[in-house]
Structure formats: structure tokens, C-alpha cells
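Taking the working numbering, I'd label the letters of the sequence shown as residues 2 to 285.
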Amino acid sequence: MEIIYGNILAESIKSSMKQKIDDIRAEGARLPLLSVVLVGNNPASMSYVRGKEKACSSIGMLQKTIRLDENVSQEELSNVIMELNLDPEVDGILVQMPLPDHLDETAALELIDPQKDVDGLHPMNAGCLLTNRPGFIPCTPQGVMAMLDSIGYKDLSGKRAVVCGRSNLVGKPVALLLQNRNATVTIVHSKTPNIEQIASQADVLIVAMGVSQMVNENWVKEGAVVIDVGINRVNGKLVGDCDFESVAKKASYVSPVPKGVGPMTVCMLLSNTLDAYKMHTQGE
Numbered sequence: 002m003e004i005i006y007g008n009i010l011a012e013s014i015k016s017s018m019k020q021k022i023d024d025i026r027a028e029g030a031r032l033p034l035l036s037v038v039l040v041g042n043n044p045a046s047m048s049y050v051r052g053k054e055k056a057c058s059s060i061g062m063l064q065k066t067i068r069l070d071e072n073v074s075q076e077e078l079s080n081v082i083m084e085l086n087l088d089p090e091v092d093g094i095l096v097q098m099p100l101p102d103h104l105d106e107t108a109a110l111e112l113i114d115p116q117k118d119v120d121g122l123h124p125m126n127a128g129c130l131l132t133n134r135p136g137f138i139p140c141t142p143q144g145v146m147a148m149l150d151s152i153g154y155k156d157l158s159g160k161r162a163v164v165c166g167r168s169n170l171v172g173k174p175v176a177l178l179l180q181n182r183n184a185t186v187t188i189v190h191s192k193t194p195n196i197e198q199i200a201s202q203a204d205v206l207i208v209a210m211g212v213s214q215m216v217n218e219n220w221v222k223e224g225a226v227v228i229d230v231g232i233n234r235v236n237g238k239l240v241g242d243c244d245f246e247s248v249a250k251k252a253s254y255v256s257p258v259p260k261g262v263g264p265m266t267v268c269m270l271l272s273n274t275l276d277a278y279k280m281h282t283q284g285e
């Protein structure tokens, strides 16, 4: 059994991006800029934003966080997003979720210019993914695919993939990406009967259910690749949706939590922002 360390893979990809940004700086051109909109003082959101700020800084990418009061109105939030859309210096826009209850998250996401939607959550980018056209792909699913790339799982013809979870953020996009690589894909979720039996037939098992250590060796086919997307805090410790020690008995590859998908998510956000920069500067 081999462990797919997302943190090591992310550092390798970030090193390559840093070199590209160093080259841009040497040419005297403007640098890529990611703008993050943070509403309120949610501790988890603030921690995630700090992580993004640190990641940008590590590769020389510019980053600007716009902090808004928890009681900001929908109109005020909309105005901030529209200003960022019009700012030619801004390449990527990310609205940190979740928003306070009085704000409409969908309306905020739909307002972002699809060419600056580096989180890949705008309906236009979702449609591009559905029809296998170029567009920004959500960062976590993109990170999962990069982890599969790293072990040589690029063409999945003849492979059976099972995705546990059907969220718009992870489950559905991952299923589409796997399908685009010729895998035969099944999505299972909380309402699926015989979920363990279906999962145990998978050559590639992606777990994103949000239930700590739910998946054990009984869910895993001998020699399967298991990617654990879950992040849960149990007794002050981060754990995934898989019981790592149990799953490792049968899997050929497994991703850990922490040091697995999490670092890849942030890495893909930087990658999308760099791609947006290239798109925006081609005509300059």
C-alpha cells in the first residue's frame, strides 16, 4: 500500500508555479492577483483565508482580502463583487463560504465574472464541466484528479469508479471529471441502499460524505485506489471519512487526512488564478 501525500504533490506544483511567476516578475509585467471576499468573523473561514494568503505569498502571487462586516447587506456585497469584476488588475475572485444566513450565497456566486471565478462555482463554469468544455473546475475535484494523475491514473478506461457523496462542490464535479476520463462512474449517497456493497466494487473510490471514519476495509476492493476528501474534527484531531488503518489493509493507494486532499485544494486555487491571469493578459 502506498500513501498519496497531497501536501508533497502540492509543494511540487507550487514550485513550478513560483518559477512561472518569477519569470513574469523578471519581465517587468504585472503579477497575478487573487481577491478574497471575507464576510464576518467565522473562525474557520478566517483560518481558511489565512491559509490562502500564505499560499499566495509562498509563490509570489499577489493577494488581497476584502473584509466585510457580518451585517453587510446583499447590495453592498454585490457592489464589492462587481467592482472586482471590473478591476483589470484582479485575475481571480473568491467569496469565502459560508456567508451569514441573511445573505444569498447563490446570488453572490452568480455575480462573479465566470472568467474570474477561480473557485469554479459559477453556473457557466459548471455547464462547461458538464459539456466537457474549457472552464474553471472546482478546486477540490481538480485536486483529486491531480492526485490520480500522480499515480498514473490518467486514462480510466475499463475502471469502475464510485463516488460517495453528491454535493455540487465535490461529488457531482468529481463524477463528471472521472467520466470525462472514460471511467464507468456510480454515485452513492445517504439514500443509497447497499452502499457498502457498491463501494466495494470500485477500482477508484472517492469518499466525500462528511461522516468521520465511515468507510472501512469492508467498503474497499482489494487493490483499489481510495481518495478521502472528508475533513472532520474528532476529539480535537482532524480525521477523514475513511478509517485510514482499516482501509490501508486492502487499498493499493490511499490519501491521508490531514496532508491529503486539503493542500491540493488550495494549490488548485492558485493554479486556476494563474490560468485566469494568462487568459486576461494574452491580449495585452
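Ideal Cβ placement from N, Cα and C applies to all residues, glycine included.
Any 3 or more C-beta pairs closer than 8 angstroms across the segment 254-270 and the segment 217-229: yes
How big is the Cα-Cα spacing for residue 57 and residue 194? 43 angstroms
For residue 243, collect the residues of the same chain with a Cβ closer than 6 angstroms to its Cβ; drop the 5 residues on either side in sequence, then sort them by chain order. Around residue 243: 208, 216, 229.
At what residue ranges does the segment 6-40 contain a whole run of the beta strand (DSSP E), taking only runs of 3 or more? 34-40
Are residue 121 and residue 262 closer than 8 angstroms when you measure CB to CB? no
Taking the alpha carbon of residue 22 as the reference point, which residue from 199, 124, 62, 117 has its own alpha carbon closest? 62
Whether residue 9 touches residue 38 by CB criterion (8 angstroms): no
Determine whether the beta carbon atoms of residue 50 and residue 101 lie at a separation below 8 angstroms. Against a cut-off of 8 angstroms, the Cβ pair of residue 101 and residue 50 comes out as no contact.
Can you tell which of 68, 201, 220, 31 has the C-alpha that lies nearest to the C-alpha of residue 89? 31
Rounded to the nearest angstrom, what separates residue 59 and residue 68 at their Cα positions? When rounded, the distance between both Cα atoms is 22 angstroms.
Backbone CA spacing between residue 125 and residue 107 [nearest angstrom]: 13 angstroms
Go through its chain and collect everything with a Cβ distance to residue 197's Cβ below 7 angstroms, but skip five positions before and after it. 219, 220
Rounded straight-line distance, which links the Cα of residue 275 to that of residue 52: 17 angstroms
Can you tell me which of the three DSSP states residue 51 falls into? helix
Would you kindly report the start and end of the unbroken alpha helix (DSSP H) that includes residue 277? 262-282
Span of the alpha helix (DSSP H) around residue 288: No statement about residue 288 is possible, as the shown extent of the chain runs from 2 to 285 and does not include it.
Runs of 4 residues minimum, wholly inside the segment 81-156: which ones carry the alpha helix (DSSP H) assignment? 106-112, 124-131, 140-151
Less than 6 angstroms between C-beta atoms, sequence neighbours within five positions excluded: which residues of the same chain meet that for residue 140? 266, 269, 270
Would you report the Cα separation of residue 119 and residue 212, rounded to the nearest angstrom? 27 angstroms
Euclidean distance between Cα positions of residue 272 and residue 280: Whole-angstrom Cα-Cα distance: 12 angstroms.
If you compare alpha carbons, which of 158, 282, 233, 16 is closest to residue 186? 158
Taking residue 245 as the reference, which of 231, 236, 237 has the closest Cα? Among 231, 236, 237, the Cα nearest to that of residue 245 belongs to 231.
Endpoints, the alpha helix (DSSP H) within which residue 178 is located: 172-181
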